[in-house]
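Visitor: Take a look at the following structure, please.
In this note's numbering, the protein residues as written are 2 to 86.
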């Protein structure tokens, strides 16, 4: 089974296949660190997206509550105004 590794010696940035037995300890560690940092970056992006979604939902809830309170206040004032006429 071949492991994908980015080659720095190609000018066009193409990938080359490297057999696992040819990987040195240092290159294997470097590959593992690169994969871990990419995974960590993806998780942080996912967290940011979830936080943004939660903030939007909270803003909608607050907006709905404000609208309901203002509408209720208008109803109370209107009721008292018409009842005391």
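Cβ atoms here follow ideal geometry from the backbone N, Cα and C, with glycine treated the same way.
Pick helix, strand or coil for residue 66, following the three-state DSSP scheme.
Guide: Three-state result, residue 66: helix.
Visitor: Can you tell me the Cα-Cα spacing of residue 77 and residue 58, whole angstroms?
Guide: Cα to Cα, residue 77 sits roughly 28 Å from residue 58.
Visitor: Quick check: what's the CA-CA separation for residue 82 versus residue 72?
Guide: Their backbone Cα atoms lie some 15 Å apart in a straight line.
Visitor: Please report the distance separating the alpha-carbon of residue 52 from that of residue 70.
Guide: Rounded to whole angstroms, residue 52 to residue 70 spans 27 Å at the Cα level.
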